[in-house]
Every structure is written in C-alpha cells, then in structure tokens.
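Trainee: Mind having a look at this structure? Questions to follow.
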C-alpha cells in the first residue's frame with residue numbers, strides 16, 4: 001500500500017469511529033492535510049471549494065463559513081443574545097477592579113504583586129525589574145514596574161495613565177485598572193473608575209502617609225467620592241504597608257485608620273456594613289494577599305486574604321439583552337479601525353451592524369477581542385477591543401458610544417440634572433453662568449450652568465418653593481447644563497452608568513450629579 005492509500009485508509013477509519021469528515025477518494029495529499037487542519041481548528045474560511053470535504057452534522061452551533069446552508073442563515077439571523085457566549089463557556093464570572101487612593105499608597109505595587117502571585121509574571125521578569133529599580137536607586141519600586149510600563153512613570157515613580165492587566169482565580173476573571181493617585185492626573189483616574197465594577201481603596205499605614213492622603217487636599221477623600229459617583233458600589237479598603245517599621249502589623253494603627261475612614265465612607269454614600277470590607281496587607285512582599293497572613297506575623301487578624309475578599313464580591317446585575325452601549329475610551333488603527341471600551345449594556349456579535357454616536361455613523365463589527373482572545377460574542381461588563389468597518393479612526397473621539405441601531409443612545413447639547421455641590425473654589429458662587437469641565441462616562445467636555453431650577457431640601461428631599469439664584473457648598477440643586485458639542489448621555493433612571501457625572505474646575509471636583517431629564521428634541 002502506498003503512502004497516499006495509507007492516509008486515505010486512516011482517515012476513513014477515523015471518520016467511521018468519530019462520525020467525522022469523510023475524505024473524498026480523489027483527494028490529493030495536500031487536500032487531506034488541509035482537511036485535518038480544518039477539523040482541528042473548527043473553521044474552513046479559506047478552503048478551496050474544489051477540495052471541500054463533505055461534513056457530517058456538526059455537534060455545535062457553529063457552521064463552517066465555506067458551507068452555505070439553511071443553518072448558516074439561521075445562525076446569522078439569530079439575535080446576538082441567543083448565540084452562545086464564549087466567555088460564558090469558561091464558567092467564570094468577570095469583574096473590573098479599579099485601584100484607587102493617594103499617591104504613593106502602593107496601588108501599582110499591589111497590582112503588580114497580584115499579577116506575580118497569580119502567575120501572570122515570571123521570576124525572570126521580576127529579577128529584571130529588580131535590577132532596573134536598583135539602578136535607579138528605587139529598590140522598592142520594582143513590583144510597580146509590572147503595572148507602570150512607560151519610562152515617565154518609572155522615572156517619577158508615579159502612575160500617569162490607567163494601567164490595565166488581567167488575572168484569574170478559580171472562580172473569577174479580573175481586569176485590574178490601576179488609577180493614578182496624583183491630583184494632576186485625576187481625569188485619568190475618572191476614566192479608570194468609570195469602567196470599574198468594584199474598587200480597591202489602597203491606604204498606606206506608614207506613619208505620616210495615611211494622614212497626608214486623608215487630610216484636606218489629599219486624594220483619598222476625592223477618590224472615594226469620585227468612585228461612588230462613577231458607580232463603584234463595592235469597596236475593599238486595603239490597609240497597605242503593614243510591614244513598615246513604623247507599623248509592624250500594629251492592631252492599634254489598623255483600628256485607628258479604620259475608625260477615621262468609616263465615617264467618611266458613610267458620608268460619601270457607602271453602606272459600610274454591606275458594601276465595604278477592610279483588610280490589612282503588605283503589597284511589596286505579598287503578605288495576606290493570595291494566602292492568609294501567618295499568625296506569627298499578625299496574630300490578631302482572623303479575616304480573609306485579598307484574593308478571598310475579591311472572590312466573595314457579588315457581580316453587579318447586567319442586562320445581556322438590553323440596547324447595546326459601549327462608551328469608547330480609545331481608538332487606533334490595526335487592519336481597520338479598532339475601538340476600546342467597556343460594554344455597559346447588551347451584547348455584541350461578529351457581523352453586527354451598529355452606530356457610532358453622536359455622529360450616527362453606521363459601522364459593521366469585523367472582530368471582537370476580549371482580553372487578548374478573539375471571541376464570537378461578548379456580553380455586558382467585558383472590556384473589549386472591537387474592529388469596525390465603515391468609519392475612519394480620525395472620525396472617532398473618546399466619549400463617543402458604540403450603540404445599537406434599533407435604540408441608539410440619545411445625543412444632546414443640553415440636559416437637566418440634579419447636582420450636589422461638594423466644595424467650591426474659594427469665594428466662588430454657584431449660579432447661572434458658572435463654567436466647569438463635565439466628566440460623564442468617557443466624555444470630557446466644557447460645560448456651563450444655564451439655569452438653576454430648584455433647590456432640594458436636604459431633610460425632606462423635596463424641592464424648596466423659594467426661587468433659587470445661587471447655592472453654596474453642600475447644597476443640592478436641580479439645574480440645566482449646556483455643552484458646546486453633541487454628547488451621548490442617558491437619564492440616570494434608564495442607564496445609571498451613562499447618566500452620572502462629575503463637575504471639575506481648576507483641578508478640583510466641585511460637584512457630582514445625575515442626569516434627570518433630556519430635552520424631547522434630543523436626537524437618537
């Protein structure tokens with residue numbers, strides 16, 4: 001028997017045993033090899049039709065593209081929400097975690113340690129970062145180099161952009177969003193927090209560092225307020241640097257920090273018993289992170305380690321069948337136009353027709369990537385890269401929204417909102433004509449207060465009868481806000497994540513708010 005005959009016999013035996021593809025008698029060796037490859041990869045995109053094998057009934061929903069049939073049309077016509085989700089097949093839930101806190105609290109170091117402990121970074125890379133940090137006389141920064149990847153961040157020792165990485169536990173896939181702590185980069189922190197489901201507030205226990213971050217002017221307070229406003233409803237407060245020589249895993253220091261933070265968390269809107277959890281760690285050496293701290297080190301701690309605490313957080317309710325909404329945070333060219341963002345509602349499939357709002361540009365989805373993997377479909381809560389056709393990269397800006405065609409997101413230049421004034425600049429009065437910078441999902445736009453409509457009584461939560469001309473710190477007011485360009489927003493009652501916002505001026509957050517009404521003429 002010659003080689004060709006042997007190959008045919010083996011393929012025929014395999015087909016009979018496994019109900020697999022039959023190889024035609026006149027198939028050439030190259031065609032047989034191609035058929036093997038097709039079977040292994042589950043797709044026949046580019047197989048020549050002359051050498052196309054006859055397929056037995058497939059066991060999954062996926063029909064090879066080169067074999068047009070009625071089933072192909074059925075799959076193409078299926079509602080995206082009905083197509084099995086590759087991410088679901090992993091049987092792991094997904095959570096976006098933003099690390100927030102004052103500069104130098106140890107956010108990047110803790111994030112880097114998590115990646116090392118979960119096997120995302122090898123020992124050789126760590127040794128390389130240790131040498132690099134030592135050469136810069138910054139020996140304790142080496143773990144932060146895992147998250148802080150550009151040279152500016154490594155030289156300054158400060159996170160500038162939102163770092164992004166993934167790791168997994170036995171039950172959950174996590175996306176880490178490492179937000180900058182310096183007050184100069186708060187807009188970037190807002191961008192990271194707007195994509196998060198839960199927050200990890202990192203606080204330094206080192207003597208003097210906690211006080212600096214928590215006192216007026218420190219970023220601990222502002223980050224907490226912004227996180228709550230941006231929809232981060234669950235918070236893990238990790239008291240870091242417990243191994244520092246000024247602390248030495250002191251229960252008194254830990255209790256002091258907790259007692260000071262708790263009242264502020266309550267005043268920011270957090271239910272401390274239900275939505276907040278405290279735990280001590282050392283991000284630099286990894287103590288109480290993947291495994292619980294040894295009793296010889298910290299005899300008084302009986303709670304969970306960081307990984308256990310993260311695993312126990314409930315996933316927020318998401319609607320995979322809702323109208324598709326994905327605020328765009330970045331875009332670039334890569335064999336077409338690629339946009340990045342977090343899916344806030346609905347599901348996306350390869351081949352979907354969508355709109356890029358507010359310019360109403362019709363686009364087609366060529367490919368969907370979740371983390372580094374190409375997937376056929378993805379649902380809400382996922383951080384995606386989506387390759388599109390029908391639009392150029394220069395026609396897209398951060399703040400645009402990838403939206404469903406049937407029910408696109410409203411676009412407006414004016415809306416009504418309820419605002420809570422936090423802290424105005426010195427000698428400033430909040431009145432009609434007040435100008436600030438609006439941050440809503442990934443939109444950053446200059447705005448003006450056109451009219452104050454009503455002031456809300458803080459006790460009764462009802463509008464006051466007296467006409468309001470101006471308000472001061474702590475007031476709650478309903479007003480009309482105007483922007484120069486069309487922006488995509490939703491009423492808070494319809495889509496909370498796309499209807500909550502902050503107002504900032506001169507590097508300071510002066511108010512937080514929610515969209516209560518849109519003009520009837522808003523385009524959608």
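Residue numbers (my numbering): 1 to 524. Idealized CB from N, CA, C, for every residue including glycine. Given the structure is predicted, the values throughout are model-derived calculations rather than measurements.
Find out if the Cβ-Cβ distance for the pair residue 471, residue 482 is shorter than 9 Å.
Mentor: No; because the gap between Cβ atoms is not below 9 Å, this pair is not in contact.
Trainee: Between residue 446 and residue 484, how many whole angstroms is the CB-CB distance? I'm expecting something under 8 Å.
Mentor: That pair is a contact at about 6 Å.
Trainee: Under 9 Å, do residue 105 and residue 222 count as touching if we go by C-beta distance?
Mentor: Not closer than 9 Å, so no.
Trainee: Look at the alpha carbon of residue 518 and the alpha carbon of residue 340, and state the distance between them as a whole number of angstroms.
Mentor: Straight-line Cα distance between these residues: approximately 27 Å.
Trainee: Taking Cβ to Cβ, would you say residue 438 is nearer than 9 Å to residue 502?
Mentor: Closer than 9 Å, so yes.
Trainee: Go to residue 369, then tell me how far its beta strand (DSSP E) extends in each direction, as first and last residue.
Mentor: Where residue 369 is concerned, the enclosing beta strand (DSSP E) stretches over 361–370.
Trainee: So, helix, strand or coil for residue 391, using DSSP?
Mentor: DSSP places residue 391 in coil when its eight states are reduced to three.
Trainee: How many whole angstroms separate the CB atoms of residue 380 and residue 320, which I take to be in contact at a CB cut-off of 8 Å?
Mentor: Correct: roughly 6 Å between the Cβ atoms.
Trainee: Count the other CB atoms within 10 Å of the CB of residue 425; is the residue buried (16 or more) or exposed (fewer)?
Mentor: Looking at its Cβ environment, which holds fewer than 16 other Cβ atoms inside 10 Å, residue 425 is exposed.
Trainee: Between the alpha carbons of residue 507 and residue 185, how many angstroms are there, rounded?
Mentor: So the alpha carbons of these two residues sit roughly 9 Å apart.
Trainee: Quick one: measure Cβ to Cβ for residue 403 and residue 357, integer angstroms, because I've assumed they're closer than 8 Å.
Mentor: Right, the Cβ-Cβ distance comes to about 5 Å (below 8 Å), so this counts as a contact.
Trainee: Which residue marks the beginning of the beta strand (DSSP E) containing residue 327, and which one marks its end?
Mentor: Note, residue 327: beta strand (DSSP E), 325–333.
Trainee: Where residue 125 and residue 435 are concerned, what is the direct C-alpha to C-alpha distance, given to the nearest angstrom?
Mentor: Between residue 125 and residue 435, the C-alpha separation is close to 48 Å.
Trainee: Distance check for residue 343 and residue 322, CA to CA, integer angstroms please.
Mentor: Cα to Cα, residue 322 sits roughly 11 Å from residue 343.
Trainee: When you compare only the Cα positions, how much space is there between residue 441 and residue 188?
Mentor: So the alpha carbons of these two residues sit roughly 12 Å apart.
Trainee: Tell me which residue opens and which closes the beta strand (DSSP E) that residue 341 is part of.
Mentor: From DSSP, the beta strand (DSSP E) with residue 341 extends over 337–342.
Trainee: When you compare only the Cα positions, how much space is there between residue 329 and residue 466?
Mentor: For residue 329 and residue 466, the distance between alpha carbons rounds to 42 Å.
Trainee: Tell me whether residue 170 sits in a helix, a strand or coil according to DSSP, three-state version.
Mentor: Coil at residue 170, not helix or strand.
Trainee: Give me the Cα-Cα distance between residue 475 and residue 458, rounded to the nearest whole angstrom.
Mentor: Computed Cα separation, rounded: 8 Å.
Trainee: Between the Cα of residue 231 and the Cα atoms of 416, 392 and 495, which residue gives the shortest distance?
Mentor: Comparing Cα-Cα distances from residue 231 to each of 416, 392 and 495, the minimum goes to 495.
Trainee: When you compare the CB positions of residue 247 and residue 206, do they come within less than 9 Å of one another, or not?
Mentor: In contact: residue 247 and residue 206 (Cβ atoms closer than 9 Å).
Trainee: Output the boundary residues of the alpha helix (DSSP H) element that contains residue 225.
Mentor: Looking at the DSSP string, the run of the alpha helix (DSSP H) that includes residue 225 is 219–229.
Trainee: Going by C-alpha to C-alpha distance, which of 294, 317, 313 and 391 sits closest to residue 335?
Mentor: For the residues 294, 317, 313 and 391, the minimum Cα distance to residue 335 belongs to 391.
Trainee: What separation, rounded to the nearest whole angstrom, lies between the Cα atoms of residue 327 and residue 245?
Mentor: Answer to the nearest angstrom: the Cα atoms are 45 Å apart.
Trainee: Under three-state DSSP, which class holds residue 277?
Mentor: In the structure shown, residue 277 sits in a strand (DSSP, three-state: E or B).
Trainee: To the nearest angstrom, how far is it from the Cα of residue 166 to the Cα of residue 386?
Mentor: So the two alpha carbons sit approximately 18 Å from each other.
Trainee: Could you tell me the alpha carbon to alpha carbon distance between residue 228 and residue 324, rounded to whole angstroms?
Mentor: About 24 Å.
Trainee: Return the Cβ separation of residue 331 and residue 414 in integer angstroms, given the expectation that the two are a contact with Cβ distance under 8 Å.
Mentor: About 27 Å separates the two Cβ atoms, so there is no contact after all.
Trainee: Pull up the distance between the alpha-carbon of residue 514 and that of residue 433, whole angstroms please.
Mentor: Taking the straight line from one Cα to the other gives about 19 Å.
Trainee: In the structure shown, what three-state DSSP assignment does residue 105 receive?
Mentor: The answer is coil: DSSP assigns residue 105 none of H, G, I, E or B.
Trainee: Skipping 5 residues on each side, what residues in its chain have a beta carbon closer than 7 Å to that of residue 313?
Mentor: Cβ neighbours of residue 313 beyond the five flanking positions: 95, 198 and 234.
Trainee: Out of curiosity, what's the CA-to-CA distance linking residue 516 and residue 255?
Mentor: Taking the straight line joining both Cα atoms gives about 40 Å.
Trainee: Name the residue from 416, 505 and 486 whose alpha carbon lies nearest to the alpha carbon of residue 492.
Mentor: Of the listed residues, the one whose Cα sits closest to residue 492 is 416.
Trainee: Distance check for residue 451 and residue 431, CA to CA, integer angstroms please.
Mentor: Straight-line Cα distance between these residues: approximately 8 Å.
Trainee: Quick check for students: name the residue ranges of the alpha helix (DSSP H) that lie wholly in the region 232–260, counting only runs of 4 or more.
Mentor: If we require 4 residues or more, the region 232–260 turns out to have no alpha helix (DSSP H) run fully inside it.
Trainee: With a threshold of 16 other CB atoms inside 10 Å of the CB of residue 123, please say whether the residue is buried or exposed.
Mentor: Looking at its Cβ environment, which holds fewer than 16 other Cβ atoms inside 10 Å, residue 123 is exposed.
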